[in-house]
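Numbering (my numbering), first residue to last: 918 to 1048. Okay, structure first, notes after.
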């Protein structure tokens, strides 16, 4: 379905891929934050916001006929690198719960702020549904 791009001799990444190649119909998910369908935050906890953000990504994928296994790329934007690093175990748990053991190409970036003041995380994704 997708081909992981791993140059020979490179250390294997944990929890992401350095690159992916895919052919098919593309689905683009705009930046999602950790609020519910009514655009209301239910928690200020970092891991809970990641959980809701990933659920939102999956819901949009489904609207486009895609599943988490079709994700080829994700960009994670967060407002506090230390909070992100301090919660890696919990993030990993909710990621596997919602996305599974599928690890696309990823980037993680600390930003000064997100448009939604209560948002601690925003995730953008691209998926490719095989032909």
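Ideal placement from N, C-alpha and C gives every residue a C-beta, glycine not left out.
Give the range of the alpha helix (DSSP H) segment to which residue i is assigned.
i, result
"residue 940", "Where residue 940 is concerned, there is no enclosing alpha helix (DSSP H), given that its DSSP letter is neither H nor E."
Quick one: is residue i buried, meaning 16 or more other Cβ sit within 10 Å of its Cβ, or exposed?
i, result
"residue 1004", "buried"
"residue 966", "buried"
"residue 1002", "exposed"
"residue 978", "buried"
"residue 940", "exposed"
"residue 927", "exposed"
From the options, pick the residue whose C-alpha is nearest to that of residue i; which is it?
i, options, result
"residue 1046", "924, 954, 990", "990"
"residue 984", "1031, 972, 1007, 994", "972"
"residue 963", "994, 988, 948, 981", "994"
Could you give the C-beta distance for residue i and residue j, rounded to a whole number, given that I count them as a contact under 8 Å?
i, j, result
"residue 1020", "residue 936", "Not a contact, Cβ separation roughly 12 Å."
"residue 950", "residue 1038", "7 Å"
Tell me the start and end of each unbroken beta strand (DSSP E) in the segment 931-994 that is at least 3 residues and wholly inside, in chain order.
-> 937-939, 941-950
Continuous alpha helix (DSSP H) assignments of at least 4 residues falling wholly in the segment 989-1041 = For the segment 989-1041, whole alpha helix (DSSP H) runs of length 4 or above, ordered along the chain, are 998-1003, 1005-1015.
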